[in-house]
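Please read the structure below before turning to the comments.
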Amino acid sequence: MVDSVAQIECAEDGGTTTGDGLFEYLGARRARADRPWRWLSVTAAAADLRWMERAMALARRCQPSRTAYSVGAVIVSADGQELASGYSRDRDPHAHAEESALGKLAAGDPRLPAATLYSTLEPCSERASRPRSCTELILAAGIGRVAIAWREPDLFVADCRGYELLTAAGVTVVELAELAGTARSVNAHLFS
Ligand SMILES: [Zn+2]
Numbered sequence: 004m005v006d007s008v009a010q011i012e013c014a015e016d017g018g019t020t021t022g023d024g025l026f027e028y029l030g031a032r033r034a035r036a037d038r039p040w041r042w043l044s045v046t047a048a049a050a051d052l053r054w055m056e057r058a059m060a061l062a063r064r065c066q067p068s069r070t071a072y073s074v075g076a077v078i079v080s081a082d083g084q085e086l087a088s089g090y091s092r093d094r095d096p097h098a099h100a101e102e103s104a105l106g107k108l109a110a111g112d113p114r115l116p117a118a119t120l121y122s123t124l125e126p127c128s129e130r131a132s133r134p135r136s137c138t139e140l141i142l143a144a145g146i147g148r149v150a151i152a153w154r155e156p157d158l159f160v161a162d163c164r165g166y167e168l169l170t171a172a173g174v175t176v177v178e179l180a181e182l183a184g185t186a187r188s189v190n191a192h193l194f195s
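4 is the number of the first residue of the sequence shown in the numbering used here; add one for each residue after it.
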């Protein structure tokens with residue numbers, strides 16, 4: 004917990020984690036003695052931000068490409084253990100972050116339904132280089148919760164439907180919009 008607080012406060016200093024979530028979180032630190040349930044809920048939000056920062060660090064390790072995003076992904080169990088991670092082009096020139104992370108776990112792993120997959124970018128809903136999109140792979144794996152930082156812009160695909168398809172299939176999708184700018188900044192070369 005101390006780590007989470009420290010990391011978020013560092014992020015605030017660096018200007019990467021701002022917005023209502025952070026202020027709500029800091030406010031709750033003062034209120035926790037008389038409202039412990041609220042403390043618990045913001046602790047979960049702080050954990051989401053911390054894991055997304057971990058995914059962001061992976062995204063920064065990607066070999067930059069002119070034709071694909073740099074993305075990081077982490078799969079975390081319900082009890083807060085990292086199960087697998089991946090980033091764009093880590094295993095081969097076409098690998099996607101979510102695909103890479105999922106590929107490190109056995110199909111039917113019983114921890115997956117309660118796990119959260121953190122991805123710095125909305126999972127793709129169509130792709131040319133592979134038969135199955137990351138959205139399809141996430142659904143096939145039975146992941147119950149997905150957290151994203153950045154909705155896919157219409158740079159390579161006109162209308163990414165990852166968010167909509169996951170939600171429609173019953174997956175809980177959390178958007179950490181306060182980190183969208185950071186996820187985009189890792190891909191600044193695509194917009195220059
Ligand atoms: Zn993908």
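Every residue, glycine too, gets a C-beta built ideally from N, C-alpha and C. None of the values given here were measured: they were computed from a predicted structure.
6 Å Cβ shell around residue i - same chain, five flanking residues per side excluded
{"i": "valine 149", "result": "Leu120, Leu169, Val174, Val176"}
{"i": "isoleucine 151", "result": "Ser122, Glu125, Glu178"}
Rounded separation between residue i and residue j - CA only
{"i": "threonine 138", "j": "serine 122", "result": "11 Å"}
{"i": "glutamate 91", "j": "proline 116", "result": "For the record, residue 91 in the displayed sequence is serine; it is not glutamate. Cα-Cα distance, rounded: 24 Å."}
{"i": "glycine 75", "j": "alanine 62", "result": "4 Å"}
{"i": "proline 113", "j": "histidine 99", "result": "23 Å"}
{"i": "alanine 60", "j": "alanine 143", "result": "26 Å"}
Residue i classed as buried or exposed, judged by whether at least 16 other C-beta atoms fall within 10 angstroms
{"i": "proline 96", "result": "exposed"}
{"i": "histidine 196", "result": "Any property of residue 196 remains undetermined from this structure, which presents the chain solely from 4 to 195."}
{"i": "alanine 81", "result": "exposed"}
{"i": "arginine 33", "result": "In this predicted model, arginine 33 has a pLDDT of only 49, less than 50, meaning its place in the structure is not dependable enough to derive any value."}
{"i": "glycine 89", "result": "buried"}
{"i": "leucine 179", "result": "buried"}
{"i": "glycine 165", "result": "buried"}
{"i": "serine 44", "result": "exposed"}
{"i": "serine 132", "result": "exposed"}
Range of the contiguous beta strand (DSSP E) that encloses residue i
{"i": "serine 136", "result": "Premise fails: serine 136 is in no beta strand (DSSP E) and is neither H nor E."}
Alpha helix (DSSP H) segment containing residue i, residue limits
{"i": "leucine 168", "result": "165 to 171"}
{"i": "leucine 105", "result": "100 to 106"}
Same chain, Cβ closer than 7 Å to residue i, five either side skipped, listed in chain order
{"i": "valine 79", "result": "Trp54, Glu85, Leu86, Ala118, Thr119, Tyr121"}
{"i": "alanine 58", "result": "Gly75, Ala76, Val77, Tyr121, Ser122, Thr123"}
Same chain only: Cβ atoms within 8 Å of residue i, ignoring 5 sequence neighbours per side
{"i": "isoleucine 141", "result": "Glu101, Leu105, Leu120, Pro126, Val149, Leu169, Val174"}
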